[in-house]
Amino acid sequence: MTTLALHLPQYRRRQGFGLLEVILVFALVIGAAAVVFAVFQSANASSEGSTVNDEISTVVASLRTSPWGMAHNYASMPTDALVTAHLAPPSMIQNGEAVTPYGPILVAPWYNDARQFDINFNHIPDMGGECSKVVASFGAMGFDDILVAGSGPSDTGGSVYTNGKLDMSKVAHWCSGLNTSDASVGMDLVGH
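Per the UniProt record's numbering, residue 1 is the first one in the sequence shown, and the count goes up by one each step.
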């Protein structure tokens, strides 16, 4: 009986790690770091949204009980009334200016009707659902309208209300980031 023996070359494995293993380990480390960053970024954004919601609630209550709110006429209200008339809580005042965690905030008479006020602030991140969370929380506060637009001067925007109620499909559209020149949106809260 004849036996065939194949002489296949045998490769000895080198000691240590190969390039493929090193690349794989680096990819796993980078992936884990990205997940940790995303979790902390989301937690920070939720905290900012909650802070803004509390601050705006205080501002709205102050506006409605102010001399302009009691007279149902905001026409003579100055744009710096948050500071000069002490309508904003002291925690919002920095360097003589009212600010939110997102940046400066302005209050003015609504240009369509002086019986309504307009609270305006910009730079709400449109990533991670931050914009949608903030708009949804304001939707429960009973504003006459909420307008969302890009933070840039030429960005478009629109109302997120349909028949006086918050329309989440409009919120998703305007908070998508497709209508903005940067990664943030601005908001106008209109009330009386």
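Cβ coordinates follow ideal geometry from the N, Cα and C atoms, glycine included.
In this text, all values refer to a predicted model and were calculated from it rather than measured experimentally.
Put simply, the segment 160 to 179 does not touch the segment 67 to 79. Fewer than three CB pairs are less than 8 angstroms apart. In summary, threonine 84 is exposed, with fewer than 16 beta-carbon neighbours lying within 10 Å of its beta-carbon over all protein chains present. When DSSP reads this structure, lysine 165 sits in a beta bridge with Thr162. Phenylalanine 143 is not a Cβ neighbour of glycine 69, given a cutoff of 7 angstroms.
When rounded, the separation of the alpha-carbon atoms in proline 153 and arginine 64 is 29 angstroms.
Contact between the segment 123 to 142 and the segment 176 to 184 is present, with at least three C-beta pairs closer than 8 angstroms. Glycine 186 is bridged by DSSP to Ala149. In the three-state reduction of the DSSP assignment, proline 90 falls in the helix class. With fewer than 16 other Cβ atoms inside 10 Å of its own Cβ, phenylalanine 26 counts as exposed. Between valine 148 and glycine 157 the beta-carbon gap is near 6 angstroms, inside 8 angstroms, which marks them as a contact. Of the candidates Ser57, Thr180, Asn112 and Ser62, Asn112 places its Cα closest to the Cα of alanine 75. A buried status is given to methionine 92, since no fewer than 16 other beta-carbon atoms sit within 10 Å of its beta-carbon. DSSP, read as helix, strand or coil, puts aspartate 80 in coil. In the structure shown, leucine 24 adopts helical secondary structure according to DSSP, grouped into three states. Counting of Cβ neighbours within 10 angstroms places valine 52 among the buried residues, the total reaching 16 or more. For glycine 103, the enclosing beta strand (DSSP E) stretches over residues 103 to 110. As DSSP reads the structure, asparagine 120 sits in a beta bridge with Leu106 and Asp188.
Of the other Cβ atoms in all chains shown, fewer than 16 fall within 10 Å of the Cβ of asparagine 95; this residue is therefore exposed. In the DSSP annotation of this structure, alanine 140 is not part of any alpha helix (DSSP H), being labelled neither H nor E. Note that the C-beta distance between leucine 87 and serine 62 is below 7 angstroms.
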